[in-house]
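Step one of this worksheet: look at the structure below.
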Ligand SMILES: [Zn+2]
């Protein structure tokens, strides 16, 4: 008996053969796990490995409104939202889709939002050595919507500021202005 079958039986209190609608559920759930938790098969180094000459560009690079889906490690409930990822390159830039892939990699693991935010920022610092890096995530959590406090519209925001965005209020204000939703 698979672990998922045990869970299904626990939910329904059912013995004997699984009813028709549930018969293939354990198999489907395990297959979906391969996708939902595929982030364990990747590492930041291979995602951020290929960089390009920045050709003197020294402004902010911002990827705004990139959606992400993750799974809360406390309740195994989904949480999802949007991420804004910015850095100021020093000599090397990275393909912008790599920032989205990095966010996906960390999201597709058992997580909390704080850890994803910090991990994305720390990986960018470690592999690109930028002047600064700023990551903001805004998400709604299934474990708050369908259980517990039952809040349907609450948005949790987390931020990680590194380098110049941490040290200089002007730089932080500029990146936050660029990240604003109505911008
Ligand atoms: Zn939770």
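Numbering (this note's numbering), first residue to last: 44 to 226. Quick reminder that beta carbons are idealized off the backbone N, C-alpha and C, glycines included. Model, not experiment: these values are computed from the prediction.
Problem set entry | For residue 177, the three-state DSSP class (helix, strand or coil) | The residue you call residue 177 lines up with position 134 of the chain shown. It is a strand residue.
Exercise. Can you tell me where the beta strand (DSSP E) with residue 137 in it begins and where it stops?
Worked result: The residue given as residue 137 occupies position 94 in the chain shown. Residues 135-137.
Exercise. CA-CA distance, residue 82 and residue 154?
Worked result: In the chain shown, counting from the first residue as 1, residue 82 sits at position 39. In the chain shown, counting from the first residue as 1, residue 154 sits at position 111. About 11 Å.
Exercise. Straight-line CA distance for residue 49 to residue 108?
Worked result: Within the chain shown, the letter at position 6 stands for residue 49. Within the chain shown, the letter at position 65 stands for residue 108. Computed Cα separation, rounded: 39 Å.
Exercise. For residue 145 versus residue 167, is the C-beta distance shorter than 9 Å?
Worked result: Numbered from its first residue, the chain shown carries residue 145 at position 102. Numbered from its first residue, the chain shown carries residue 167 at position 124. Result yes, Cβ atoms of residue 145 and residue 167 sit closer than 9 Å.
For this session: Determine the DSSP secondary structure at residue 100, reduced to helix, strand or coil.
Result: Position 57 of the chain shown, counted from the first residue, corresponds to residue 100. Per DSSP, reduced to three states, the secondary structure at residue 100 is coil, with no helix or strand assignment.
Problem set entry | Beta-bridge pairing of residue 204 - partner residues as DSSP gives them | Taking the chain shown and counting its residues from 1, one reaches residue 204 at position 161. The partner list for residue 204 (beta bridge, DSSP) reads 177.
Exercise. What's the C-alpha gap between residue 177 and residue 199?
Worked result: Position 134 of the chain shown holds residue 177. Position 156 of the chain shown holds residue 199. Their backbone Cα atoms lie some 17 Å apart in a straight line.
Problem set entry | Sequence-ordered residues whose beta carbon comes within less than 5 Å of a heavy atom of ligand 1 | My final list is 115, 117, 118 and 186.
Problem set entry | Close-in-space but distant-in-sequence residues of the same chain around residue 65 (CB under 7 Å, 5 per side omitted) | Here the question's residue 65 lines up with position 22 in the chain shown. Within the same chain, residue 65 has close Cβ partners 51.
For this session: Assign residue 172 to one of three DSSP states: helix, strand, or coil.
Result: The residue you call residue 172 lines up with position 129 of the chain shown. Looking at residue 172 - three-state DSSP - the assignment turns out to be coil, as it is neither helix nor strand.
Exercise. DSSP beta-bridge partners for residue 126?
Worked result: The count along the chain shown starts at 1 and reaches residue 126 at position 83. Answer is 109 and 180.
Problem set entry | Expected contact under 8 Å - CB spacing of residue 122 and residue 56 to nearest Å | Your numbering for residue 122 matches position 79 in the chain shown. Your numbering for residue 56 matches position 13 in the chain shown. At roughly 29 Å, the Cβ-Cβ gap does not stay under 8 Å, so residue 122 and residue 56 are not in contact.
Problem set entry | the stretch 201-209 touching the stretch 76-92, judged by at least three CB pairs closer than 8 Å | Because the criterion of three Cβ pairs below 8 Å is not met, the stretch 201-209 and the stretch 76-92 do not touch.
Problem set entry | Beta-carbon proximity of residue 179 to residue 111, cut-off 9 Å | Translated into the one-based positions of the chain shown, residue 179 becomes position 136. Translated into the one-based positions of the chain shown, residue 111 becomes position 68. No, they are not a contact pair.
Exercise. Does the beta-carbon distance from residue 80 to residue 152 come in below 9 Å?
Worked result: Here residue 80 refers to the residue found at position 37 when the chain shown is read from its first residue. Here residue 152 refers to the residue found at position 109 when the chain shown is read from its first residue. Against a cut-off of 9 Å, the Cβ pair of residue 152 and residue 80 comes out as a contact.
For this session: Would you identify the three-state DSSP class for residue 61, choosing helix, strand or coil?
Result: The sequence position of residue 61 within the chain shown is 18, counting from 1. Residue state, collapsed to three classes: coil.
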